[in-house]
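J.: One structure follows; several queries about it will come next.
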Amino acid sequence: MYYDPIKKSLGEVFNRTPWLRRIFYHLLDLLLLRTWHVHRELRAWAQGRQDEALNILDAGSGYGQYTYWLSGMSKKWHILAVDVKDEQIADSNRFFRQLGRVNVQFAVQDLVLYQEPNSFDLALSVDVMEHILEDVEVFRNVHASLKDGGMLLISTPSDQGGSDVHADGETSFIEEHVRDGYNIHEIQQKLRTAGFERIEARYSYGEPGQVSWRLSMKYPILMLGASKWFFVLLPFYYLITFPFCLILNTIDARMKHDSGTGLIVKAWK
1 MYYDPIKKSL GEVFNRTPWL RRIFYHLLDL LLLRTWHVHR ELRAWAQGRQ
51 DEALNILDAG SGYGQYTYWL SGMSKKWHIL AVDVKDEQIA DSNRFFRQLG
101 RVNVQFAVQD LVLYQEPNSF DLALSVDVME HILEDVEVFR NVHASLKDGG
151 MLLISTPSDQ GGSDVHADGE TSFIEEHVRD GYNIHEIQQK LRTAGFERIE
201 ARYSYGEPGQ VSWRLSMKYP ILMLGASKWF FVLLPFYYLI TFPFCLILNT
251 IDARMKHDSG TGLIVKAWK
């Protein structure tokens, strides 16, 4: 299943007005379990920092929903959001200018090549590294771009069933993925190779999260991939499944998982 055409179609729908895009961001925050885990870590990082003039890198910004959330936490934070997709970057710059959030800039950059030495207090990479083959090069660039004491926060699939791969011979549910998921020790070793010394990693998407992911993401994506007409039925589908997903997401975000199909990794320079 190729996810990019579906993402493009969703963008075309929700980019029509700033109001629709705000609604889209809030829906993503509620539906995407990774957002629950990422927001939890960002809240912990942000404690006592709202009045500081900090620089943040959104490394692989996608739709820009994490930049939107962070830029609403403090006007003193300056956020650079980068991605390789020109159209998404242009749409995001236009949207944030309409909002008047002048502390945000979107730019086209390749993370394999991009480096801004000693510039950022926080770097964020959410569901990006599974798309990039040269991951150690990216980690090195981010390490160089962080200030001393700066933190990198990563959300990515694990090798415990991430990308919906559960056995040898299976292929990723998302065709754009270059790896099915990271082993928790593998990603920590790659970060050490890149120069990070203090690293913390934990599993996300335990059993409750895996059920929620199928209901909220996998099945709708499969149906949207089969026909764009499913857009018409999508609100009715979520009317039924949404309450169950919220409960499952709440449970998963509050649990400590011995295993899971996702990883949340923090690394400090």
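In the UniProt record's numbering, the protein residues as written are 1 to 269. No residue lacks a Cβ here, since even glycine has one placed at the ideal position from N, Cα and C.
1) Quick check on I187: buried or exposed, where buried means 16 or more other Cβ atoms within 10 Å of its Cβ?
2) Counting only runs that start and end within the segment 26 to 102, where is the beta strand (DSSP E) found for 3 or more residues in a row?
3) Taking contact to mean 3 or more Cβ pairs, one atom from each stretch, closer than 8 Å, check whether the segment 226 to 241 and the segment 250 to 257 are in contact.
4) Need the endpoints of the alpha helix (DSSP H) that K190 sits in, please.
5) Would you check if the distance between the CB atom of V108 and the CB atom of E134 is smaller than 7 Å?
6) Suppose you measure from the CA of K218 to the CA of V136; what does that come to, to the nearest Å?
7) Quick one, are the C-beta atoms of P157 and G260 less than 7 Å apart?
8) How is E197 classed by DSSP in three states: helix, strand or coil?
9) Specify whether the segment 122 to 134 and the segment 86 to 99 touch according to this definition: at least 3 beta carbon pairs, one from each stretch, less than 8 Å apart.
10) CB D110 to CB V84, shorter than 7 Å?
11) What are the partner residues of H257, as DSSP defines its beta bridges?
12) Rounded to a whole number of angstroms, what is the C-alpha to C-alpha distance between A167 and R49?
13) Tell me, which residues are paired with Q105 by DSSP?
14) In whole angstroms, give me the CA-to-CA distance for H185 and I199.
15) Please report how far the alpha carbon of L80 lies from the alpha carbon of R21, in whole angstroms.
16) Within 10 angstroms of the Cβ of N141, are there 16 or more other Cβ atoms? Answer buried if so, exposed if not.
17) Taking L30 as the reference, which of G149, Y114, T241 and V178 has the closest Cα?
18) Thinking C-alpha only, which one of R16, P18, W19 and L32 is nearest S212?
19) Do S61 and R101 come within 7 Å of each other at the CB atom, strictly closer than that value?
20) Is the beta carbon of K269 sitting closer than 7 Å to the one on G150?
21) Buried or exposed for A226, please, with buried defined as at least 16 other CB atoms from any protein chain shown within 10 angstroms of its CB.
22) Is W45 near the ligand FAD, in the sense that its beta carbon is under 6 Å from a heavy atom of that ligand?
23) Output the boundary residues of the beta strand (DSSP E) element that contains V138.
24) According to DSSP, simplified to helix, strand and coil, what is T171?
25) Using the C-alpha atoms, what's the distance from M129 back to A201?
26) Which residues bound the alpha helix (DSSP H) around I221?
27) Alpha carbons only, please: which of L28, S74, N118 and V82 is nearest the one belonging to L246?
T.: So, from the listed chains and residues:
1) Around the beta carbon of I187, a 10 Å sphere encloses 16 or more other beta carbons of the protein chains shown; the residue is thus reported as buried.
2) Within the segment 26 to 102, complete beta strand (DSSP E) segments of at least 3 residues are found at 55 to 59 and 78 to 83, given in chain order.
3) Touching, no, given that fewer than three Cβ pairs across the two stretches are closer than 8 Å.
4) That run of the alpha helix (DSSP H) goes I184 to T193.
5) Cβ atoms of V108 and E134: not closer than 7 Å.
6) Taking the straight line from one Cα to the other gives about 29 Å.
7) For P157 and G260, no; Cβs fall outside 7 Å.
8) Coil at E197, not helix or strand.
9) With the cut-off at 8 Å, the segment 122 to 134 and the segment 86 to 99 do not touch.
10) Yes, they are a contact pair.
11) Within the DSSP bridge table, the entry for H257 names Y203 as partners.
12) Summary for A167: the model assigns pLDDT 48, below 50, so the residue's position carries little reliability; its value from the coordinates is reported in the next sentence. Approximately 44 Å between the Cα atoms of the pair.
13) Q105 pairs with L80.
14) So the alpha carbons of these two residues sit roughly 11 Å apart.
15) Distance from the CA atom of L80 to the CA atom of R21, rounded to whole angstroms, is 19 Å.
16) Buried, since its Cβ has 16 or more Cβ neighbours within 10 Å.
17) Considering only G149, Y114, T241 and V178, the residue with the shortest C-alpha distance to L30 is T241.
18) Measuring from the Cα of S212, the nearest candidate turns out to be L32.
19) The answer is no: Cβ separation not under 7 Å.
20) It is a contact, given that the beta carbons lie within the stated cut-off.
21) Result: exposed.
22) Ligands in the displayed structure: none, and consequently the ligand FAD is not present.
23) Element bounds for V138: not the beta strand (DSSP E) but the alpha helix (DSSP H), D135 to S145.
24) Residue confidence is low: T171 scores 48 on pLDDT, short of 50, so the model does not pin down where it sits. No coordinate-derived value is stated.
25) For A201 and M129, the gap between their C-alpha atoms comes out near 15 Å.
26) That run of the alpha helix (DSSP H) goes Y219 to A226.
27) Closest by alpha carbon: L28.
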